[in-house]
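Here's the structure we're looking at; comments come further down.
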Amino acid sequence: MVREALTSATDALGAVGVEDPRLDAEVLLAEATGRDRAALVADPDAGLEPAASRLFGEMVRRRLRREPVAYIVGRKGFRHLDLAVDPRVLIPRPETELLVEIALEREPATLLDVGTGCGAIALAVAAELPSCVVVATDTSGAALAVARANDERLGLADRVRFLDGTIPDGEAFDLVRANLPYVAEADWASLQPEVTEWEPREALLAGPDGLDAIRCLLAERARHFNRYPDEMA
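Written as structure tokens, this is what we have:
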């Protein structure tokens, strides 16, 4: 039944150092059963179908290997969007929503989202600010594939243009958002296994002090400005 399944999973996950084992167990059981998490918690004596029990066991085993919950269930909530995620892209962090908030406050006519990953920032702005023309770039073709799939699934295919690279040649933007790699090499070993063993390393590491990606973008921005001074002014 639900109570035993949750208790067993919570104990096992806690033993390997998972940060919030009870929450993870509830999320995984809800996914395995197709039931609302609150409904499961409210009815702990409910039974489990054999297929759901097996699926839950498989999910818990994956979590015991410290695979992030978002990768196990295949999606992550970001603002009002439900985004597909897998190890090709970083899992969107709650603090990244601040970049969307800033964009919405400024109401730009055009926005460039550099390092779009799964497309979280670009798609959220496109959905919440329909008047904005959004361009999203990434140097990872695998990440762009995930972003484009999210774009199509959310019905925003005519609102966001995805491009390989960083700053498109010959284009000017009212606002540039960049969520770039920021982890210093010396700090890598101190991060949780969910990050170091599962998320794309190239999307996180940024040299000895964590600023290499930012320096590269600023240098490219300067070259772009010198090439197109009128457009970028």
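For the sequence shown, the residue numbers in the numbering used here are 1199 to 1431. For glycine and all other residues, C-beta sits at the position ideal for the given N, C-alpha and C.
Per the DSSP calculation, residue i is bridged to which residue(s)?
| i | result |
| --- | --- |
| Arg1273 | Ala1282 |
| Asp1336 | Asp1362 |
| Leu1389 | According to DSSP, which records beta bridges pairwise, Leu1389 is partnered with nothing at all. |
| Leu1403 | Val1381 |
Could you tell me how far apart the beta carbons of residue i and residue j are, in whole angstroms, since I believe they sit closer than 8 Å?
| i | j | result |
| --- | --- | --- |
| Arg1375 | Asp1311 | 5 Å |
| Gly1317 | Thr1335 | The Cβ separation is near 11 Å, so there is no contact. |
| Asp1372 | Thr1308 | 5 Å |
| Arg1286 | Ala1340 | 4 Å |
Looking at the structure shown, is residue i part of a helix, part of a strand, or coil, going by DSSP?
| i | result |
| --- | --- |
| Ala1343 | helix |
| Leu1231 | Reading off the sequence, residue 1231 comes out as Thr, not Leu. In the structure shown, Thr1231 sits in a helix (DSSP, three-state: H, G or I). |
| Arg1252 | helix |
| Val1331 | strand |
| Pro1427 | Reliability of the predicted coordinates at Pro1427 is poor, the pLDDT of 47 falling under 50, and no value is obtained from them. |
| Ala1236 | helix |
| Met1199 | coil |
| Gly1353 | coil |
| Asp1209 | helix |
| Ala1268 | helix |
| Cys1414 | helix |
| Arg1259 | helix |
| Ala1370 | coil |
| Asp1243 | coil |
| Leu1409 | coil |
| Glu1224 | helix |
On the DSSP letters alone, give me the boundaries of the beta strand (DSSP E) that residue i sits inside.
| i | result |
| --- | --- |
| Val1312 | 1308-1312 |
| Leu1373 | 1373-1376 |
Would you mind reading off the limits of the alpha helix (DSSP H) that contains residue i?
| i | result |
| --- | --- |
| Ile1289 | It is not in any alpha helix (DSSP H) - Ile1289 carries neither H nor E in the DSSP assignment. |
| Val1216 | Where Val1216 is concerned, there is no enclosing alpha helix (DSSP H), given that its DSSP letter is neither H nor E. |
| Ala1318 | 1318-1326 |
| Glu1160 | With the chain covering 1199 to 1431 only, the question about residue 1160 has no answer from this structure. |
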